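Read through the structure below, which is laid out as structure tokens, and then see the notes.
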Amino acid sequence: MTNDHDVLFRTLSDPTRRAIFERLCRQGEQTVGALTAQSGVSQPAVSKHLGVLRQAGLVRDRHEGRQTHYSAQLAALSPLTDWTNQMNAFWQSRFDDLENLLKRMDQ
1 MTNDHDVLFR
11 TLSDPTRRAI
21 FERLCRQGEQ
31 TVGALTAQSG
41 VSQPAVSKHL
51 GVLRQAGLVR
61 DRHEGRQTHY
71 SAQLAALSPL
81 TDWTNQMNAF
91 WQSRFDDLEN
101 LLKRMDQ
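For the sequence shown, counting from 1, position 82 maps to 82 in the UniProt record's numbering; every step adds exactly one.
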């Protein structure tokens, strides 16, 4: 069984896909054409990346006439935020234990 954060890590592991997602986060809703013009890859490649991002829930599409507009769905990152917070707490505890051990060794 795949965890939500595994899907998100796998989806965002591709640098082009991650750049497209970051662009949508920073610049807001954009058309496929605008994303293609800024990406340095072909329109079919951008469309394929957008499809993967959409399947992962990271973007939403909206059709307007012949154009498709995409927007980032930041709430979809919550499994990654949760996982990062758990790892932060785990390592902080480990570092605290190490600090205590080093203090005892200095005495």
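Built from N, CA and C at the ideal position, the CB exists for glycine as well. On a predicted model such as this, the values are computed, not experimentally measured, just so you know.
Cβ-Cβ separation, residue j to residue i (assumed contact under 8 Å), whole Å
{"i": "Arg-54", "j": "Leu-35", "result": "That pair is no contact at about 13 Å."}
{"i": "Ala-72", "j": "Cys-25", "result": "5 Å"}
{"i": "Leu-50", "j": "Val-41", "result": "In fact, because the Cβ distance is near 11 Å, the residues do not count as touching under 8 Å."}
{"i": "residue 110", "j": "Val-46", "result": "There is no way to answer for residue 110, as the model of the chain reaches only from 1 to 107."}
Distance between residue j and residue i (C-alpha atoms, nearest Å)
{"i": "Gln-86", "j": "Asp-97", "result": "17 Å"}
{"i": "Thr-11", "j": "Ala-56", "result": "7 Å"}
{"i": "Pro-15", "j": "Leu-102", "result": "40 Å"}
{"i": "Gly-28", "j": "Ser-93", "result": "38 Å"}
{"i": "Gln-107", "j": "Trp-91", "result": "25 Å"}
{"i": "Ile-20", "j": "Glu-99", "result": "41 Å"}
{"i": "Thr-84", "j": "Gln-30", "result": "29 Å"}
{"i": "Arg-18", "j": "Pro-79", "result": "17 Å"}
{"i": "Ser-13", "j": "Asp-6", "result": "10 Å"}
Which runs of the beta strand (DSSP E) fall wholly inside the UniProt domain "HTH arsR-type" (1-92) and span at least 3 residues, in chain order? 59-64, 67-72
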